[in-house]
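>
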Amino acid sequence: MTYGFYDLKPLDLREKLKMSYTTDSLSYTLHNYLVPGTAFAVFSGYSGNLTGIDLIHAQFVAAGLFFFFIGLVLSRIGSLVLEPLLLKWSFVKFVDYKDFVVASESDDLLRELSNMNNAFRTYCTVFIVLALLSCYDLWLTMTPVFDTGKFAYLLLFVVLHALFLISYRKQTGYITRRVTTVLEELEEEEKKEAEKTPIGFQKS
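Under our numbering, the first residue of the sequence shown is numbered 21, with each subsequent residue one higher.
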């Protein structure tokens, strides 16, 4: 069985794979590191400077690098802490990685869906960390007069975390079903090809 670009010249194939890898890397970096890091910095600043660092008014280049680093750390927290917990609690279920690789060779959209799903996971991490920092900030600044502004931000972070958590679960389920469908279609095509191939020419 052949897929999409197997009939291209070797140079064209290498160039296409290189372009695809570059595009996927840029998209992943943007959606999983830079944008979440920037969102964390902005929300942290406007909700009472939760980190104690003025992240918003830093120099442009330094701020961009710092936002990227923040996003990178948050992405790793999501991958190493949040995701295993969600799997342990059966909140999400993944397909076998080998099945995903086979299906993604036939369906390029699966890679984009997976990248977006990782972004949802990172945003879940962004807002749960912001919510925890907000709780800590409220505890440190506890006064007889209730700070409705800080509580409103805390509520916003909890709601946004729940929103992206549900999106992450829904997207994971969709990817799982899509992989299963693609594999079933590939298996059906292989059966049809085997039926058309003379018995003497079938692979043993």
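Every residue gets a Cβ at the ideal spot worked out from N, C-alpha and C, and that includes glycine.
Which whole-angstrom value is the C-beta distance of V112 and T192, which I expect to be below 8 Å?
Here residue 112 corresponds to residue number 92 of the sequence shown, with the count starting at 1. Here residue 192 corresponds to residue number 172 of the sequence shown, with the count starting at 1. Right, the Cβ-Cβ distance comes to about 5 Å (below 8 Å), so this counts as a contact.
> Using 8 Å as the threshold, is the C-beta distance between D167 and L158 below it?
Taking the first residue of the sequence shown as position 1, residue 167 is located at position 147. Taking the first residue of the sequence shown as position 1, residue 158 is located at position 138. Contact flag set, yes.
> For the alpha helix (DSSP H) that M136 lies in, which residues bound it at each end?
Locating residue 136 in the sequence shown gives position 116, where the first residue counts as 1. Its alpha helix (DSSP H) spans residues 129-160.
> On the CB-based measure, 16 or more other CB atoms within 10 Å of its CB, does S110 come out buried or exposed?
Position 90 of the sequence shown, counted from the first residue, corresponds to residue 110. Exposed, by the Cβ-count rule.
> Can you name the start and end residues of the alpha helix (DSSP H) that K170 belongs to?
Indexing the sequence shown from 1 puts residue 170 at position 150. Looking at the DSSP string, the run of the alpha helix (DSSP H) that includes K170 is 168-216.
> I'd like to know whether the C-beta atoms of I195 and N137 end up nearer to each other than 8 Å.
Within the sequence shown, residue 195 is the residue found at index 175, counting from 1. Within the sequence shown, residue 137 is the residue found at index 117, counting from 1. For I195 and N137, yes; Cβs fall inside 8 Å.
> Start and end of the alpha helix (DSSP H) containing S126?
In the sequence shown, counting from the first residue as 1, residue 126 sits at position 106. 117-126 is the extent of the alpha helix (DSSP H) around S126.
> Just confirm the distance between the C-beta atoms of S126 and V62, as a whole number of angstroms; I'd bet it's less than 8 Å.
On the sequence shown, residue 126 is found 106 positions in, with the first residue counted as 1. On the sequence shown, residue 62 is found 42 positions in, with the first residue counted as 1. No, S126 and V62 are not in contact; Cβ-Cβ is about 40 Å, not under 8 Å.
> Inspect the CB distances between the region 143-163 and the region 85-99 and report whether three or more fall short of 8 Å.
Enough Cβ pairs lie closer than 8 Å, so yes.
> One question on the structure: do R131 and G98 come within less than 8 Å of each other, judged by their Cβ atoms?
Residue 131 sits at position 111 when you count from the first residue of the sequence shown. Residue 98 sits at position 78 when you count from the first residue of the sequence shown. Not closer than 8 Å, so no.
> Where do the ends of the alpha helix (DSSP H) carrying L106 lie?
Reading the sequence shown from its first residue, position 86 is the one you call residue 106. Element bounds for L106: 103-108.
> Among the residues of its own chain, which have a CB less than 8 Å from the CB of S47, if the five just before and after it don't count?
Along the sequence shown, one-based indexing puts residue 47 at 27. Counting only Cβ-Cβ distances below 8 Å, and skipping sequence neighbours, we find E132, N135.
> Report all residues from its chain with a CB closer than 7 Å to the CB of F184; omit the five preceding and five following residues, and keep chain order.
Stepping through the sequence shown from its first residue, residue 184 is reached at position 164. Once the five neighbours on either side are set aside, the close Cβ partners of F184 are F140, Y143, C144, F147.
> Please state if the CB of A151 and the CB of V178 are separated by a distance shorter than 8 Å.
Stepping through the sequence shown from its first residue, residue 178 is reached at position 158. Stepping through the sequence shown from its first residue, residue 151 is reached at position 131. Their beta carbons are under 8 Å apart, which means V178 touches A151 by this criterion.
> Please work out which residues of its chain come closer than 7 Å, Cβ to Cβ, to L102, disregarding the five sequence neighbours upstream and downstream, and give them in chain order.
Indexing the sequence shown from 1 puts residue 102 at position 82. The answer, listed in chain order, is R141, C144, T145.
> Compare the beta carbon distance of Y53 and S95 with 8 Å and say whether it is the shorter of the two.
As a working note, residue 53 is residue 33 in the sequence shown. As a working note, residue 95 is residue 75 in the sequence shown. A contact, by the Cβ cut-off of 8 Å.
> Check each candidate in V199, L106, S154 and name the one with the smallest Cα separation from A172.
Residue 172 sits at position 152 when you count from the first residue of the sequence shown. Checking every option, the nearest Cα to that of A172 belongs to S154.
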